[in-house]
């Protein structure tokens with residue numbers, strides 16, 4: 004029975020990957036707004052209903068709908084070594100994520116697609132600040148001894164706001180620009 008379940012899970016993972024890859028290729032070729040969910044489903048050889056069982060929205064085809072990125076961020080916060088600041092841990096995690104995201108041409112193509120698509124930018128910000136916020140807030144409250152729930156929420160908003168900027172631009176320069184104020188304070192911004 005476990006072998007059948009293993010095959011089923013493998014098939015689901017393959018379908019998810021195929022849908023994501025087909026969507027990305029179509030979005031790059033024709034633009035996000037010009038491609039319909041039906042176009043993606045047809046290209047991947049599945050029904051629209053099947054596509055929506057894997058991805059709840061068209062935007063989620065582009066941005067990690069399963070929260071793997073969130074899991075990795077929370078792990079980085081929870082397992083940072085003693086003496087490593089929260090900002091250092093998040094910064095290291097961010098650069099590691101960028102390094103493993105994909106090869107440089109794919110990362111540039113992703114950034115160009117998101118930069119050209121306001122609905123994707125809004126989606127990333129909404130997911131991070133709405134769905135990810137309570138999870139990161141809880142991790143911060145549990146692991147940073149001097150953060151009460153309100154301070155943990157504020158820290159989560161600041162961190163996720165910065166990371167949304169990085170996710171939208173998907174490069175190391177953006178990471179330095181968006182994470183810099185966390186490290187050096189907002190007083191230097193615009194000076």
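In our numbering, the protein residues as written are 4 to 194.
In this text, a Cβ means the ideal position worked out from N, Cα and C, and glycines have one as well.
With a CB to CB cut of under 8 Å and the five nearest residues on each side skipped, what residues in its chain are close to residue 175?
Locating residue 175 in the chain shown gives position 172, where the first residue counts as 1. Cβ neighbours of residue 175 beyond the five flanking positions: 98, 101.
Counting C-beta neighbours from all protein chains within 10 Å, is the total for residue 16 16 or more, i.e. buried, or is it exposed? For the purposes of this step, residue 16 is identified with residue 13 of the chain shown, where counting begins at 1. Using a 10 angstroms sphere on the CB of residue 16, the tally of other CB atoms stays under 16, which defines it as exposed.
So, for residue 132: in the same chain, excluding its five sequence neighbours on each side, which residues have a beta-carbon less than 6 Å away from its beta-carbon?
For the purposes of this step, residue 132 is taken as the residue at position 129 of the chain shown. Correct list, in chain order: 163.
_My output table needs one value for residue 50: the three-state DSSP class, helix, strand or coil._
Within the chain shown, the letter at position 47 stands for residue 50. Residue state for residue 50 is assigned as coil, using DSSP reduced to three classes.
Cα-Cα separation, residue 5 to residue 170:
On the chain shown, residue 5 is found 2 positions in, with the first residue counted as 1. On the chain shown, residue 170 is found 167 positions in, with the first residue counted as 1. Its pLDDT being 48, under 50, residue 5 is placed unreliably by the model, and the measurement read from it follows with that caveat. Answer to the nearest angstrom: the Cα atoms are 37 Å apart.
**Q.** With 16 other Cβ atoms within 10 Å as the buried cut-off, status of residue 85
**A.** Indexing the chain shown from 1 puts residue 85 at position 82. Burial state of residue 85 is exposed, judged by a 10 Å Cβ sphere holding fewer than 16 other Cβ atoms.
- Message: Please report the distance separating the alpha-carbon of residue 79 from that of residue 71.
- Response: Residue mapping note: residue 79 aligns to position 76 of the chain shown, counting from 1. Residue mapping note: residue 71 aligns to position 68 of the chain shown, counting from 1. Each residue's alpha carbon lies about 12 Å from the other.
| query | Helix or strand or just coil, what does DSSP make of residue 30? | reply | If you number the chain shown from 1, residue 30 lands on position 27. If DSSP states are grouped into helix, strand and coil, residue 30 belongs with the helices.
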